[in-house]
Amino acid sequence: MYMLSQSDYWFHHVNNCDEFPPAEGDFLELPAGESFTVEIAGNRGVTSLSFDGQFATEWTDGQEHPGSTVTLTDATYSSEGCITNPNIRYNTPWTRVTSYDVPADMPACPSGGCICAWVWIPNGCGEPNMYMQGFKCMVTNAKSTTPLGTPKAPVWCEDDQSECVQGPKQIMVWNQLEGNNIEVSGYDLSGAPKSPAYNSKCGFQNGAQNDIFVTSSNKRLVKKTRRGSVTP
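Structure follows, in structure tokens:
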């Protein structure tokens, strides 16, 4: 999605992807402290979910690509209207089958489930756009009741990791008509044009994001913010 209003890019409304919810009770299960495996493809027809998998290959388009460009993605979690990144997998979408790690302290969803999104910003793959696909999800094996903290916008920090945003981070909105929360210019350390990515360049570590939860220090910050004495 490129240069769209928020009402169009949010959960890919531009082509009505958000108007086809799953069946009642059909959830993507996120096992706390474990991992879940999904298929990533440009077309359901090249996955194991269609045609008995006869058109599925190791790759996301049903073709063979022995030397494709590596890109990065993440999975996000939303409860009570706040989207946070709980898990990141470097070097995806790469092959069709991918696993994501779930933080052990992920709290349970409400009875009706949570809303999750798979988001991706391509790195040097044509138009500098973004993807956002929605899912109904449910955290299983939840043992913690620690709430998620309020996410902040990431920043580019490849050249100085001390500048990376710590704690929960928002999904990145880039090159849209409104709602952008990250801007980059110039070149990265490899000499390529900068492109926001869900990796260490923007402060995201590979795997479960275990720093997304409320701590004693940011509990105090939230309390002060509500009184209006601190601006997040």
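According to the numbering used here, the sequence shown holds residues 1085 to 1316 in order.
Note that beta-carbon positions come from the ideal geometry of N, C-alpha and C, so glycine has one too.
Query: Could you say which of 1240, 1244 and 1193 lies nearest to residue 1114 if we only look at CA atoms?; Result: 1193
Query: Determine the burial state of residue 1189: buried for a count of at least 16 other Cβ atoms within 10 Å of its Cβ, exposed for fewer.; Result: buried
Query: Looking at the strands, I want to know which residues DSSP matches up with residue 1218.; Result: 1201
Query: Counting beta carbon pairs with one atom in the stretch 1164-1183 and one in the stretch 1104-1122, are three or more of them shorter than 8 Å?; Result: yes
Query: Pick helix, strand or coil for residue 1098, following the three-state DSSP scheme.; Result: helix
Query: Could you check the C-alpha separation between residue 1096 and residue 1243 for me, to the nearest Å?; Result: 32 Å
Query: Taking residue 1279 as part of the beta strand (DSSP E), name the residues at either end of that continuous run.; Result: Run containing residue 1279: none; DSSP gives neither H nor E here.
Query: Taking residue 1105 as the reference, give the member of 1219, 1251 and 1260 with the closest Cα.; Result: 1219
Query: If you run the structure through DSSP and keep just helix, strand and coil, what is residue 1324?; Result: Because the chain is modelled from 1085 through 1316, residue 1324 falls outside the range shown and cannot be assessed.
Query: What number of angstroms, rounded off, separates the C-alpha of residue 1250 from the C-alpha of residue 1135?; Result: 45 Å
Query: In or out: residue 1285 buried (at least 16 other Cβ within 10 Å) or exposed?; Result: buried
Query: Using a Cβ-Cβ cut-off of 8 Å (strictly less than) and excluding sequence neighbours within five positions of residue 1273, which residues of its own chain qualify?; Result: 1242 and 1243
Query: Could you check the C-alpha separation between residue 1149 and residue 1143 for me, to the nearest Å?; Result: 7 Å
Query: Whole-angstrom Cβ separation of residue 1280 and residue 1266, contact assumed at under 8 Å?; Result: 5 Å
Query: Excluding five sequence neighbours on each side, which residues of the same chain lie with their C-beta closer than 8 Å to the C-beta of residue 1101?; Result: 1095, 1217 and 1218
Query: Report the partner residues of residue 1185 according to the DSSP bridge assignment.; Result: 1119
Query: My understanding is that residue 1215 touches residue 1283, with C-beta atoms under 8 Å, so please give their C-beta distance in whole angstroms.; Result: Not quite, the Cβ-Cβ distance comes to about 16 Å (not below 8 Å), so this is no contact.
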